[in-house]
Amino acid sequence: MNACSHYIHKIDMRLPMLLPGVIQVNDLWKVIENPPNRVEILRGITFSVPRGQFLAIMGASGSGKSTLLGLLAGLDTVTSGRILLDGTDITDLREDDLARMRGRKLGFVFQSYQLVPTLTAEENVLLPAELSGYKGDARRRSRDLLERVGLTQRAHHYPVQLSGGEQQRVALARAFITAPPILMADEPTGNLDSANGQHVLDLLLQLNREEGTTLILVTHDRALSEYADRVLTLHDGQILRDELLIKPDTEAAALSESEASNLS
Ligand SMILES: Nc1ncnc2c1ncn2[C@@H]1O[C@H](COP(=O)(O)OP(=O)(O)OP(=O)(O)O)[C@@H](O)[C@H]1O
Ligand SMILES: [Mg+2]
Numbered sequence: 668m669n670a671c672s673h674y675i676h677k678i679d680m681r682l683p684m685l686l687p688g689v690i691q692v693n694d695l696w697k698v699i700e701n702p703p704n705r706v707e708i709l710r711g712i713t714f715s716v717p718r719g720q721f722l723a724i725m726g727a728s729g730s731g732k733s734t735l736l737g738l739l740a741g742l743d744t745v746t747s748g749r750i751l752l753d754g755t756d757i758t759d760l761r762e763d764d765l766a767r768m769r770g771r772k773l774g775f776v777f778q779s780y781q782l783v784p785t786l787t788a789e790e791n792v793l794l795p796a797e798l799s800g801y802k803g804d805a806r807r808r809s810r811d812l813l814e815r816v817g818l819t820q821r822a823h824h825y826p827v828q829l830s831g832g833e834q835q836r837v838a839l840a841r842a843f844i845t846a847p848p849i850l851m852a853d854e855p856t857g858n859l860d861s862a863n864g865q866h867v868l869d870l871l872l873q874l875n876r877e878e879g880t881t882l883i884l885v886t887h888d889r890a891l892s893e894y895a896d897r898v899l900t901l902h903d904g905q906i907l908r909d910e911l912l913i914k915p916d917t918e919a920a921a922l923s924e925s926e927a928s929n930l931s
């Protein structure tokens with residue numbers, strides 16, 4: 668990479684940081700009071716996610732990752748603090764407004780998948796499209812997504828007839844069906860072998876690059892987090908580290924590759 672493309676790449680990495688975050692979290696606390704016990708799960712979390720960023724959340728088991736993700740998606744109530752999603756404070760919203768907001772903006776993949784047991788794989792994938800009145804060709808998109816996660820042959824199977832990894836891939840296809848601008852996933856490759864983990868990673872990266880999807884992934888998977896733009900590490904309910912990963916800019920890298928091939 669020559670000096671000029673290196674310079675451009677550095678500017679590219681910093682520009683999104685100047686824009687208001689698509690998600691802004693301010694002094695977030697989650698405390699469970701169950702007298703005489705009191706558990707401080709999250710203790711004053713503050714950060715902002717620029718639009719289109721791929722953020723990996725890491726940290727030891729029990730550090731508060733799933734709790735944080737659930738709060739960001741409005742699936743759980745905060746004890747105190749603010750969460751702005753596209754400028755709207757979701758900690759103030761009523762349940763029906765929250766549900767509408769989730770339908771429009773969010774795809775979510777749970778650590779425990781949470782497929783509807785009485786629906787087939789394909790019906791599970793189609794469900795968010797039906798609930799949110801998705802305008803596109805949902806059937807075509809669901810077939811395409813099931814193919815991309817390698818489950819075309821399992822489209823008409825029910826969750827009990829699927830392995831853990833297959834259920835996880837259905838849950839991913841379901842999260843993508845409405846092409847949400849923000850996708851949150853809890854351990855999306857947690858139960859997958861390396862080949863299927865790679866398929867899922869490819870799908871996530873493609874969405875992030877081509878559709879500009881903001882990705883927030885909780886993961887223990889180093890291979891996955893290496894592709895992230897940023898890694899936030901939690902420890903005992905607090906942010907231990909917030910690292911921006913400087914990666915070769917794809918356009919600059921492609922440019923310098925073509926420069927190299929012109930020289931050879
Ligand atoms: N309802 C609850 N009541 C009391 N403690 C809770 C509750 N929910 C979670 N916790 C505790 O909060 C801490 C954080 O839980 P959380 O599920 O967010 O961890 P995690 O980082 O996602 O862990 P893992 O990597 O194992 O999934 C844990 O110590 C857990 O036991
Ligand atoms: Mg968890």
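Sequence positions in the sequence shown follow this note's numbering and run 668 to 931. Glycine included, every Cβ here is placed at the ideal spot set by N, Cα and C.
When rounded, the separation of the alpha-carbon atoms in residue 691 and residue 741 is 13 Å. With a cutoff of 8 Å, residue 732 counts as near ligand 2, since its C-beta is closer than that to a heavy atom of the ligand. In this structure, DSSP gives residue 858 a state outside helix and strand, which the three-state scheme calls coil.
Nearest neighbour of residue 850 by Cα position, chosen from 882, 874, 840 and 817, turns out to be 882. Shown here, residue 872 sits in a helix according to DSSP, grouped into three states. Residue side-chain check: residue 860 keeps its Cβ at 8 Å or more from all non-hydrogen atoms of ligand 2.
In the DSSP assignment, residue 692 is bridged to 714 and 750.
Counted as a single uninterrupted DSSP element, the stretch harbouring residue 910 is not any alpha helix (DSSP H) but the beta strand (DSSP E) occupying residues 905-911.
Between residue 870 and residue 815, the alpha-carbon positions lie close to 7 Å from each other. Judged by the Cβ position, residue 888 fails to qualify as a neighbour of ligand 2 at the 8 Å threshold, every heavy atom of the ligand being at least this far. Within the segment 758-799, the complete alpha helix (DSSP H) segments at least 4 residues long are 762-772 and 788-799, listed from N- to C-terminus.
In the structure shown, the three-state DSSP call for residue 805 is helix. Boundaries of the alpha helix (DSSP H) harbouring residue 734: 732-739, taken from the DSSP string. Taking 8 Å as the cut-off, one finds no heavy atom of ligand 2 near enough to the beta carbon of residue 816.
Where residue 891 is concerned, the enclosing alpha helix (DSSP H) starts and stops at 889-892.
In terms of Cα proximity to residue 876, the closest of 898, 778, 894 and 767 is 894. By the Cβ neighbour-count rule, residue 847 is buried, with 16 or more other Cβ atoms within 10 Å of its own. Taking a cut-off of 8 Å for Cβ pairs, the segment 797-813 and the segment 836-844 touch, as three or more such pairs fall below it.
Separation of the CB atoms of residue 746 and residue 698 is rounded to 4 Å, and the pair is thereby assigned contact status at 8 Å.
Proximity of the beta carbon of residue 692 to ligand 2 is not indicated: no heavy atom of the ligand is located closer than 8 Å. In this structure, the CA atom of residue 786 is about 27 Å from the CA atom of residue 738. By the Cβ criterion, the segment 725-739 is not in contact with the segment 793-805, since fewer than three pairs of Cβ atoms, one from each stretch, lie closer than 8 Å.
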